[in-house]
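In my numbering, the protein residues as written are 9 to 387.
We put the beta carbon where it would ideally sit given N, CA and C, even for glycine.
Comments concern the structure below.
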């Protein structure tokens, strides 16, 4: 647990190392929190939920930090409003890094005292929580750099690869299947309890939709045909004048996009990335197919490769049978978001190593485009 904890803390800081100091406090839109805030919030989580309740000799680093770096935990007290996170030039990045070191040392000390299972469970949750924020950092660093005139390079290592194998549709027979997490390893409360679902016979693509396939949709008027869209989706693309995935630009008649290595021509063979649920649905309609439900995806996922992009499903984010929220602030982790969200399955190139399962239920609003999301077709 000590090794995993320290490795997680180290990776968060490594993700920020390519940034300039000016990048740390930027919040271009409400959804994109500044990197400095993520560094501090993931630290406050350990302080608030591990050290304060369980470390008898722990002294809070700074009483104001709970207000500055709480995210959405109403049980934990008042907090800075989400749109205002980018207004905080203080505390400085240097002080936030001191805060991280202070809390990391204290948690490591607590772990060295052979704590009981209750404490270990909360620390394990904190590790997984910080891994979620590492992925959010990847999304948000890309948004910060990808919306600047210079399209600055961040990393040449974080990139998609082409699925260079034959395309086919995999069959799943009609029947009753069990879905949901089963086992003793870490999992979130929204993955249990395991239950039976009835699934009609269907087929699902063994490959993700590619950029080339999506360009066909664009060039054949997909964004101009209201018949393909949900009403909300059509309203969004009209209102925001969306004509392509996020980060795409047409330059001298050719499509380019920003990835972590800068602005470059769209690679036609790579999976399409940064589309909303509305766009994924419209594309499936255009193809005469559909998106799989989250249960279809889970049942079929043993037959295909997944993990490069989060995949939109046709399922609303709802509780499983017997779902119960934990008491207090930790009960706010998942349950209160089970409205107006759609489920994504899989993982992405920003997902921390070991932080993925085929029962993992990611969820975002259908309009979300800044996460690493794509689609797989079913019929």
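| request: Tell me, please, whether the stretch 295-307 touches the stretch 172-192 by the rule of three or more beta-carbon pairs shorter than 8 Å. | output: Three or more Cβ pairs drawn from the stretch 295-307 and the stretch 172-192 lie within less than 8 Å of each other, which places the two stretches in contact.
| request: Kindly indicate which residue of 10, 148 and 373 has the alpha-carbon position closest to the one of residue 241. | output: Here residue 241 refers to the residue found at position 233 of the chain shown. Taking residue 241 as reference, the option from 10, 148 and 373 with the minimal CA-CA separation is 373.
| Rounded distance between the beta-carbons of residue 337 and residue 83, thought under 8 Å | Taking the first residue of the chain shown as 1, we reach residue 83 at position 75. Taking the first residue of the chain shown as 1, we reach residue 337 at position 329. The beta-carbon separation of residue 83 and residue 337, rounded to 4 Å, stays under the 8 Å limit for a contact.
| task | Please go through the same chain and pick out, in chain order, the residues whose beta-carbon is closer than 7 Å to the beta-carbon of residue 26, but skip the five residues on each side of it. | result | Position 18 of the chain shown, counted from the start, is the residue given in the question as residue 26. Here residue 26 has 162 and 163 as same chain residues with Cβ atoms under 7 Å from its own Cβ, once five neighbours each way along the sequence are excluded.
| field | Distance, residue 57 Cα to residue 152 Cα | value | Here residue 152 corresponds to residue number 144 of the chain shown, with the count starting at 1. Here residue 57 corresponds to residue number 49 of the chain shown, with the count starting at 1. Note on geometry: alpha-carbon atoms of residue 152 and residue 57 lie some 30 Å from one another.
| request: Please report how far the alpha carbon of residue 171 lies from the alpha carbon of residue 277, in whole angstroms. | output: Sequence index remark: in the chain shown, residue 171 carries index 163 (1-based). Sequence index remark: in the chain shown, residue 277 carries index 269 (1-based). Going by C-alpha positions, residue 171 is about 8 Å away from residue 277.
| Grouping DSSP H, G and I as helix and E and B as strand, with all else coil, what is residue 322? | By 1-based counting over the chain shown, the position of residue 322 is 314. For residue 322, the three-state secondary structure derived from DSSP is strand.
| query | Are the CB atoms of residue 386 and residue 254 nearer to each other than 8 Å? | reply | The count along the chain shown starts at 1 and reaches residue 386 at position 378. The count along the chain shown starts at 1 and reaches residue 254 at position 246. With contacts defined by Cβ atoms closer than 8 Å, residue 386 and residue 254 do not form a contacting pair.
| said: Taking DSSP's pairing of strands, which residues face residue 267 in a bridge? | reply: As a position in the chain shown, residue 267 is number 259, starting the count at 1. Looking at the DSSP assignment, residue 267 forms a beta bridge with 270.
| query | Just to confirm, are residue 222 and residue 280 a CB contact at a threshold of 8 Å? | reply | Here the question's residue 222 lines up with position 214 in the chain shown. Here the question's residue 280 lines up with position 272 in the chain shown. Closer than 8 Å, so yes.
| query | If you drop the 5 nearest sequence neighbours on each side, which residues of the same chain put their C-beta closer than 7 Å to that of residue 219? | reply | If you number the chain shown from 1, residue 219 lands on position 211. These residues qualify, in order along the chain: 274, 275, 276, 278 and 280.
| said: Could you tell me the alpha carbon to alpha carbon distance between residue 81 and residue 22, rounded to whole angstroms? | reply: Numbered from 1 along the chain shown, position 73 holds the residue referred to as residue 81. Numbered from 1 along the chain shown, position 14 holds the residue referred to as residue 22. C-alpha of residue 81 to C-alpha of residue 22: approximately 27 Å in a straight line.
| message | Among 383, 78, 49 and 61, whose alpha-carbon lies nearest the alpha-carbon of residue 123? | response | What you label residue 123 is simply residue 115 of the chain shown in a count that begins at 1. The residue with the shortest Cα to Cα distance from residue 123 is 61.
| Where the alpha helix (DSSP H) containing residue 226 begins and where it ends | Here the question's residue 226 lines up with position 218 in the chain shown. Element bounds for residue 226: 219-227.
| task | Kindly indicate the opening and closing residues of the alpha helix (DSSP H) around residue 104. | result | The sequence position of residue 104 within the chain shown is 96, counting from 1. Its alpha helix (DSSP H) spans residues 101-120.
| Proximity of residue 350 and residue 309 at Cβ, strictly below 8 Å | What you label residue 350 is simply residue 342 of the chain shown in a count that begins at 1. What you label residue 309 is simply residue 301 of the chain shown in a count that begins at 1. In this structure, the beta-carbon distance from residue 350 to residue 309 does not fall below 8 Å.
| message | Just to confirm before moving on: does the CB-CB distance between residue 312 and residue 198 stay below 8 Å? | response | Position 304 of the chain shown holds residue 312. Position 190 of the chain shown holds residue 198. In this structure, residue 312 lies away from residue 198, with their beta-carbon atoms at least 8 Å apart.
| task | Could you say which of 112, 368 and 106 lies nearest to residue 11 if we only look at CA atoms? | result | Position 3 of the chain shown, counted from the start, is the residue given in the question as residue 11. When only C-alpha atoms are compared, the closest one is 112.
| query | In whole angstroms, what is the alpha-carbon distance linking residue 287 and residue 325? | reply | Against the chain shown, residue 287 aligns to sequence position 279. Against the chain shown, residue 325 aligns to sequence position 317. Straight through space, the alpha carbons of residue 325 and residue 287 are spaced by roughly 18 Å.
| request: Assign residue 97 to one of two classes, buried (16 or more other C-beta atoms within 10 Å of its C-beta) or exposed (fewer than that). | output: One-based indexing of the chain shown puts residue 97 at position 89. By the 10 Å Cβ count, residue 97 comes out exposed.
| How is residue 183 classed by DSSP in three states: helix, strand or coil? | Counting from 1 along the chain shown, the entry for residue 183 is found at position 175. Collapsing the DSSP output to three states places residue 183 in a strand.
| Which of helix, strand or coil does DSSP assign to residue 11? | If you number the chain shown from 1, residue 11 lands on position 3. Residue 11 falls in the helix class under three-state DSSP.
| field | Own chain, CB closer than 6 Å to residue 132, minus 5 neighbours either side, in chain order | value | Stepping through the chain shown from its first residue, residue 132 is reached at position 124. Same-chain partners within the cutoff: 194.
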